[in-house]
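According to the working numbering, numbering within the sequence shown proceeds without interruption in unit steps and concludes at 496.
Working notes, structure below.
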Amino acid sequence: MADTTNHSEFAETHQSIFEIVDYSFSNVGLLTEALTHRSFAHERNTRLTDNERLEFLGDAVIGLAVGRILLERYPAWGEGLLSRWRSYFVSRQVLAELSQELGFDKLVLLGRGEVQTGGRAKTSILAGVFEAVLGAMFLDGGINPCDGFLRKIFETRFNEISEDQRSIRRVLDTKTYLQECVQAHYRVAPNYQTLAEWGLDHERFFRVALNVQGRQLSVGEGRSKKEAENQAALSALEIMGL
Numbered sequence: 255m256a257d258t259t260n261h262s263e264f265a266e267t268h269q270s271i272f273e274i275v276d277y278s279f280s281n282v283g284l285l286t287e288a289l290t291h292r293s294f295a296h297e298r299n300t301r302l303t304d305n306e307r308l309e310f311l312g313d314a315v316i317g318l319a320v321g322r323i324l325l326e327r328y329p330a331w332g333e334g335l336l337s338r339w340r341s342y343f344v345s346r347q348v349l350a351e352l353s354q355e356l357g358f359d360k361l362v363l364l365g366r367g368e369v370q371t372g373g374r375a376k377t378s379i380l381a382g383v384f385e386a387v388l389g390a391m392f393l394d395g396g397i398n399p400c401d402g403f404l405r406k407i408f409e410t411r412f413n414e415i416s417e418d419q420r421s422i423r424r425v426l427d428t429k430t431y432l433q434e435c436v437q438a439h440y441r442v443a444p445n446y447q448t449l450a451e452w453g454l455d456h457e458r459f460f461r462v463a464l465n466v467q468g469r470q471l472s473v474g475e476g477r478s479k480k481e482a483e484n485q486a487a488l489s490a491l492e493i494m495g496l
C-alpha cells in the first residue's frame with residue numbers, strides 16, 4: 255500500500271534534522287518514521303510507522319561505523335580493548351547524551367501522554383531516536399554519510415579514550431569503580447533496585463535506581479538490568495564528581 259502520510263506537516267522538523275546531521279534526505283518518509291515514537295503513531299495516525307525497526311537497524315550501523323573508526327585510530331589495540339570501547343560508544347547512555355546535545359529531544363514526535371510523563375528526557379527514547387535517524391540515513395544514502403556524521407560528533411570522545419587502566423576502569427568497569435568509591439566515602443556498598451521494566455518480550459527495557467545508605471543517588475536505563483545498573487553507576491560517579 256502506498257504511503258499516504260502528509261510529510262509536509264513535519265517539513266520544519268525535517269529541515270532541522272537536515273541541518274543537524276548535515277545531510278538532506280531524498281526520502282523524507284524515512285525521516286518521519288525515524289522521528290515517530292510509538293506513542294505518537296498510536297495517538298495520531300494508524301498509517302504512521304513508528305521508529306522501532308529503524309532503531310534496530312541504526313544500532314547495527316552505529317556499531318559497524320564505530321568499530322571501523324576504532325580500528326583505524328588505534329591499530330595497535332587488540333580485540334578485547336576495541337570491543338570494550340565500542341560497547342561504551344554504542345551504549346544507550348552515550349547515545350542519549352548525544353541525542354540531547356544535538357537537539358533530537360525537541361524534535362522526536364511523542365504522544366501527549368509520553369510528553370507529560372517526561373518522555374523527552376528518557377534515555378530509552380533519546381537513544382532510540384538517535385539510532386533510528388542513523389538507520390534512516392543508512393537506508394537513504396548508505397554508510398558514507400553515517401560514517402562522516404559519527405566521526406564528527408564522536409571526535410571529542412575519541413580523543414579522550416586511551417589504554418590507561420584508570421580511564422578504562424572509570425568508563426568501562428563502572429560498577430566496580432563506583433563500588434570502590436562509595437565504600438571509601440560511605441563505608442557501605444551501593445544497592446541496586448529495579449524500578450520498572452517495559453517493552454516487547456524480545457526488546458525489554460529496565461530502569462534501575464542506585465541507593466546508598468537507603469537513599470536514591472541516581473537512576474539508569476538500559477536494555478538489560480546490567481546495562482541499566484551500569485548507567486546508574488555512571489550517573490552516580492558524575493553526581494559525586496568522580
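C-beta: ideal position from N, C-alpha, C; glycine also.
Note that this is a predicted model, so its numbers are computed, not measured.
State the CB to CB distance for the pair residue i and residue j, rounded to an integer number of angstroms; the pair is presumed to be in contact (CB under 8 Å).
i    : j    : result
A288 : V369 : Actually they are not in contact, since the Cβ atoms of A288 and V369 sit about 18 Å apart, beyond 8 Å.
F408 : V383 : Actually they are not in contact, since the Cβ atoms of F408 and V383 sit about 17 Å apart, beyond 8 Å.
L356 : I274 : 5 Å
E475 : F459 : 6 Å
Q347 : T377 : 6 Å
Quick check on residue i: buried or exposed, where buried means 16 or more other Cβ atoms within 10 Å of its Cβ?
i    : result
Q485 : buried
K360 : exposed
H291 : buried
K480 : exposed
S478 : exposed
H268 : buried
I415 : buried
L454 : exposed
V282 : buried
P444 : buried
If I follow the unbroken beta strand (DSSP E) through residue i, where does it start and stop?
i    : result
N484 : Note, N484: premise wrong, no beta strand (DSSP E); alpha helix (DSSP H) at K479 to I493.
G453 : N445 to L454
V442 : Per DSSP, V442 belongs to no beta strand (DSSP E) and is neither H nor E.
Suppose you measure from the CA of residue i to the CA of residue j; what does that come to, to the nearest Å?
i    : j    : result
E333 : W339 : 10 Å
M255 : F272 : Per-residue confidence for M255 stands at a pLDDT of 36, beneath the threshold of 50, marking its modelled position as unreliable; no derived number is given.
R366 : N398 : 36 Å
V320 : E385 : 13 Å
T258 : S353 : A caution first: T258 carries a pLDDT of 49, below 50, which makes its placement in the model unreliable, though a value can still be read off. Approximately 29 Å between the Cα atoms of the pair.
L324 : L336 : 7 Å
G373 : F412 : 29 Å
I379 : E351 : 11 Å
R322 : T448 : 35 Å
L491 : L432 : 6 Å
R276 : E309 : Residue identity differs from the one stated: residue 276 is Asp in this sequence, not Arg. Distance between the alpha carbons of D276 and E309 is about 20 Å.
M391 : A450 : 32 Å
Since residue i is in the alpha helix (DSSP H), which residue starts that stretch and which ends it?
i    : result
G474 : Taken as a continuous stretch (DSSP letters only), G474 belongs to no alpha helix (DSSP H), being part of the beta strand (DSSP E) at R469 to G476.
V275 : A265 to V275
A350 : R346 to L356
F392 : T377 to G395
R338 : E333 to F343
What residues are listed by DSSP as bridge partners for residue i?
i    : result
T290 : L363
V315 : In the DSSP output, where bridge partners are listed per residue, V315 has none listed.
E434 : E434 is not bridged to any residue.
N465 : N445 and Q470
R458 : G453
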